[in-house]
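These notes concern the structure reproduced below.
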Amino acid sequence: MKIDSKLKLLSFFLALTFFSSCGPKYPQKLIRSYGDGNDSPWTTYQGNELRTSFSSERIRPPLGLVWRFETSAPITASPCIRGGLIYFGNLAKKLYILDAKSGRKITDLELKGSVSSSCALEDSLLFVATERGGDQLTAINLKNGDRVWRQLARDVSTSPLVFDDKVAIGTGDGYLLVFNSSRGDLIWRFKTAGGIITSPAKGGEKIFCGSEDRHLYALDAESGELLWKFKAGGSVSADPTVSDSLVFFGSTDSCLYALTVAEGRQLWRLKTGREVFSSPAVVGGMLFFGSNDRKLYAVEIEKGTVLWTFETGSLIQAPPLVTEDMVLCPSFDFHLYLLDRQTGQLLWKYRTGGMLKASAVIYGRRIYLASGDGHLYCFAPKSPK
26 MKIDSKLKLL SFFLALTFFS SCGPKYPQKL IRSYGDGNDS PWTTYQGNEL RTSFSSERIR
86 PPLGLVWRFE TSAPITASPC IRGGLIYFGN LAKKLYILDA KSGRKITDLE LKGSVSSSCA
146 LEDSLLFVAT ERGGDQLTAI NLKNGDRVWR QLARDVSTSP LVFDDKVAIG TGDGYLLVFN
206 SSRGDLIWRF KTAGGIITSP AKGGEKIFCG SEDRHLYALD AESGELLWKF KAGGSVSADP
266 TVSDSLVFFG STDSCLYALT VAEGRQLWRL KTGREVFSSP AVVGGMLFFG SNDRKLYAVE
326 IEKGTVLWTF ETGSLIQAPP LVTEDMVLCP SFDFHLYLLD RQTGQLLWKY RTGGMLKASA
386 VIYGRRIYLA SGDGHLYCFA PKSPK
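302 is the number that the working numbering gives to position 277 of the sequence shown; each next residue is one higher, with no gaps.
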């Protein structure tokens, strides 16, 4: 009986410790409502589960700097924006929440590890992946600041994919993990033979993920069953993008591949001058991607014909952002370039203080850009004089 009492007491304290760690961690009064849904939100990496990096908002140069927010470390991923609030992390283990209009800090949240990928939003939940000592995926309730759940995930440098009350994440030890988004229960996992350094995409009932084992995998989104796989000439180094019946991805073999979604048949392959880490942006029968050969490529989707190229001063590894008439291209040369979508003509550029590894985001007719100099920049069209 004494042993049983001690075990019960120990169980009580263990439970108390666990629930204390999962309880309110962040300053509740500083986290606003998650929005009324009346804006044009950018709630996930590359804008949607297809990862097309397309914005329907129209914005034209010349542009001016509205504000610049300084953090304590490089920012390597694009922000999420909804309800007038901006969410992003940096390599100093912090998650920031800013007012999108003024750039004023609402709060910053201490995390277990560094943030090198974009967050994702679903209703009142914010999903953030951390690495470098704090390898986990965490769900935070934005209504009250509670940490709802967390799951260990090794060497996570990919962005969460939220779909159908689920959230998927790729890990450096080769797993694609799918959890229940509200509870954090593991639903299924799929093991590849290499690390997963690219964010998953979803098209129809399929999830696509690439691996350093040189394969792109198509999995059943509900069960995780392997439907097909395709072997490239190098590691899959650029996130897959889905558009209609095709899926596109880049590889360290310097190629961009176009495959059929249904069976993984290669439609075409485009060779560039160096490795491809930039995921394509897609709109209107055209796609746009960058290469380590310093060039941005505009490609006709049906046959893979290059329509034009634009050369920057360094590597292009971030996905470009495309609108109806422009392409926004970040480069390791510290610059953001705005180009005419049809011709590739340079319309405007801005030099930041660091390498640009994250794609730009448009929200409320403003451009938001994260830089390796530790700043988040906000630009808007200049008013006519």
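We put the CB at the ideal spot given by N, CA and C, even for glycine.
When the distance is taken between beta carbons, is G159 closer than 8 Å to V203? no
Which residues mark the beginning and the end of the beta strand (DSSP E) in which R214 is found? 211–216
What span of residues does the beta strand (DSSP E) with A8 cover, start to end? Residue 8 lies beyond the residue range present for the chain, which begins at 26 and ends at 410; the question has no answer from this structure.
Do A395 and V347 come within 8 Å of each other at the CB atom, strictly closer than that value? no
At the level of alpha carbons, what is the spacing between T377 and S268? 32 Å
Take Q342 as the anchor and find which of K231, L353, C234, E327 has the nearest alpha-carbon. L353
Which listed residue (D64, I84, W67) has its alpha carbon closest to that of R422: With the chain represented from 26 up to 410, any question about residue 422 goes unanswered, as that position is not in the structure.
What separation, rounded to the nearest whole angstrom, lies between the Cα atoms of S282 and T334? Sequence check: residue 282 is Tyr here, not Ser. When rounded, the distance between both Cα atoms is 17 Å.
Could you tell me the distance, in whole angstroms, from the CA atom of C403 to the CA atom of L251? 42 Å
Can we say the stretch 63–82 touches the stretch 101–115, given the rule of at least three CB pairs closer than 8 Å? yes
What is the DSSP secondary structure of G89, reduced to helix, strand or coil? strand
For the candidate residues S139, F113, V187, whose alpha-carbon lies nearest to that of E74? V187
Measuring only the C-alpha atoms, how far is L401 from L90? 11 Å
Measuring alpha carbon to alpha carbon, tell me which residue in L211, D190, T217 is nearest G197. T217
Going by alpha carbons, who is nearest to I122 out of T132, R391, I194? T132
Apart from the five residues on each side of it in sequence, which residues of its chain come closer than 7 Å, Cβ to Cβ, to L292? L271, A283, L284, T285
If you follow the beta strand (DSSP E) that I100 is part of, which residue opens it and which one closes it? Taken as a continuous stretch (DSSP letters only), I100 belongs to no beta strand (DSSP E), as it is neither H nor E.
Tell me whether Q71 sits in a helix, a strand or coil according to DSSP, three-state version. helix
To the nearest angstrom, how far is the alpha carbon of L120 from that of I111? 10 Å
DSSP state of Y59, grouped into three classes? Confidence at Y59 is low in this model, with a pLDDT of 48, below 50, so its placement is unreliable and the value that follows should be read with caution. Residue state, collapsed to three classes: coil.
Would you check if the distance between the CB atom of S304 and the CB atom of R76 is smaller than 8 Å? yes
When DSSP labels each residue in this structure, what does A287 get in the three-state scheme? coil
Using a threshold of 8 Å, state whether the C-beta atoms of G338 and D358 are closer than that. yes
Anticipated Cβ contact below 8 Å, L150 with V173, distance rounded: 7 Å
Residue burial classification, S408 (beta-carbon count within 10 angstroms, cutoff 16): exposed
Going by other Cβ atoms of all chains shown within 10 Å of its Cβ, with 16 needed for buried, is Y393 buried or exposed? buried
Is P66 helix, strand or coil by DSSP? coil
May I ask you to verify whether the stretch 176–194 touches the stretch 222–230, counting CB pairs closer than 8 Å and requiring at least 3? yes
Rounded C-alpha distance that separates R129 from S206: 30 Å
Which residue comes first and which comes last in the beta strand (DSSP E) that contains A246? No beta strand (DSSP E) contains A246, which DSSP labels as neither H nor E.
Among the residues of its own chain, which have a CB less than 6 Å from the CB of L162, if the five just before and after it don't count? A154, Q176, A178, I194
Do P355 and S316 have their CB atoms nearer than 8 Å? no
Please classify A178: does DSSP put it in a helix, a strand, or coil? coil
For the beta strand (DSSP E) holding D124, just list the boundary residues, first then last. 119–124
Compute the Euclidean distance between the alpha carbons of K54 and L167, then round it to the nearest angstrom. Any reading at K54 must be qualified, since the residue scores a pLDDT of 43, below 50, and its modelled position is unreliable; the value itself is stated next. Taking the straight line from one Cα to the other gives about 10 Å.
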